[in-house]
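Everything below concerns the one structure shown next.
In my numbering, the protein residues as written are 2 to 140.
Have a look at this one:
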C-alpha cells in the first residue's frame, strides 16, 4: 500500500469525521449545508456516469432542482409536505419543457437521467435532514 495515500486517508479520518459528527449533532443550517454539498457531489458524479452511457442530462437544471429540494425539505418537510410535492412536480415539468425544445439525443434517456439524478441522490439523501430535525419539529 502506498504510504502517501494512507497518510491522506488518515488525515481525512482525523479531521473529516469529527467535523461531520459535529455538523450532524448541531443540526440546522449547518447540517443542510453538509447534506447539500454531499447531494451536489453525488449528483454531479451520477451525471458524469450518465454521460458515459450516451445520455445528455440537463445538469444545470438538475443541480438547481437539488438545491431547491434540499432547502425546501429543511424549511417545509415535516410541517408542509405538500410544498415539497409541488416543487418536485414543478422541477419535473421544467425538465420536460426544456427537453421538449432541446432536440439533442434521445429525449427519454435525457429526461430519465436528469430526473433520476435529482431524485436519487438529492431527494432521498435530503431525508437525513428530516430524520435529524424531526424531534425539533414535534415540540
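All C-beta atoms in this analysis are idealised placements derived from N, C-alpha and C, irrespective of residue type, glycine included.
Every value quoted in this text rests on a predicted model; they were computed, and no experiment measured them.
Helix or strand or just coil, what does DSSP make of residue i?
| i | result |
| --- | --- |
| residue 58 | coil |
| residue 81 | coil |
| residue 104 | coil |
| residue 28 | coil |
| residue 127 | coil |
As a quick exercise: from the options, pick the residue whose alpha carbon is nearest that of residue i.
| i | options | result |
| --- | --- | --- |
| residue 50 | 117, 132, 124 and 130 | 117 |
| residue 125 | 23, 30, 5 and 44 | 44 |
| residue 83 | 95, 94 and 70 | 70 |
| residue 55 | 107, 135 and 134 | 107 |
| residue 30 | 99, 7, 73 and 10 | 73 |
How about residue i and residue j: are their beta carbons less than 9 Å apart?
| i | j | result |
| --- | --- | --- |
| residue 123 | residue 41 | yes |
| residue 32 | residue 24 | yes |
Stretch pair the region 105-124 + the region 56-65: three plus CB contacts closer than 8 Å: Result yes; three or more Cβ-Cβ pairs closer than 8 Å.
At least 3 beta-carbon pairs within less than 8 Å: the region 33-42 vs the region 127-135: Three or more beta-carbon pairs separated by less than 8 Å link the region 33-42 to the region 127-135, which places the two stretches in contact.
Inter-stretch contact (C-beta, 8 Å, three-pair minimum) for the region 101-113 and the region 52-60: Contact between the region 101-113 and the region 52-60 is present, because at least three Cβ pairs lie under 8 Å.
Given 8 Å, three or more beta-carbon pairs between the region 69-77 and the region 88-97: Yes, the region 69-77 is in contact with the region 88-97.
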